[in-house]
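Some notes on the structure that comes next.
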Amino acid sequence: MLYVYTILIPLVIVFVVQRLSRYSISNIKGIAGLLFKSLPYLYGYGFLLYYLESEKFIPPGWNTYSLFFFLVPGSLIILFLKAYFHFRERKQ
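For the sequence shown, our numbering begins at -14 and goes up steadily by one.
Encoded structure:
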């Protein structure tokens, strides 16, 4: 279940956000925008998972720690990419 909690469900969240917002993922700028828009939902899912683990609704394990281990550095990279594209557009 670790892979379902940490890989499959976040990918489904990103896919749903992509379908609802109709982001073009043909270039890195579109992918960075899509992931930037997905960040609040992914963090909300992470905190929900943490709550469910702490209240013993799901068995405790490395689910939350694995999710946040990838989510925090990934979100920093996404924020840097978003800032880079924002300042690059502003210069032109």
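Where a beta carbon is used, it is the ideal one built from N, C-alpha and C, also for glycine.
Query                                                                                                            : Result
Segment contact flag, the segment -2 to 9 with the segment 56 to 67, C-beta cutoff 8 Å, min 3 pairs              : no
Sequence-distant residues of the same chain with beta carbon closer than 6 Å to Tyr(-10), five excluded per side : Asn48
8 Å Cβ cutoff met for Phe70 and Lys14                                                                            : yes
Buried or exposed by the 16-neighbour rule on C-beta atoms within 10 Å, applied to Ala68                         : exposed
Ile(-8) vs Ser23 beta-carbon contact at 8 Å                                                                      : no
Inter-residue Cα distance where the pair is Ser39 and Leu(-13)                                                   : 16 Å
Nearest candidate by alpha-carbon position, reference Ser51, set Tyr35, Phe65, Phe42 and Ala17                   : Tyr35
Of the listed residues Arg75, Leu64, Arg73 and Leu37, nearest to Ala17 (C-alpha basis)                           : Leu64
Nearest neighbour of Leu56, chosen from Ile10, Tyr30, Ser9 and Phe72 [CA to CA]                                  : Tyr30
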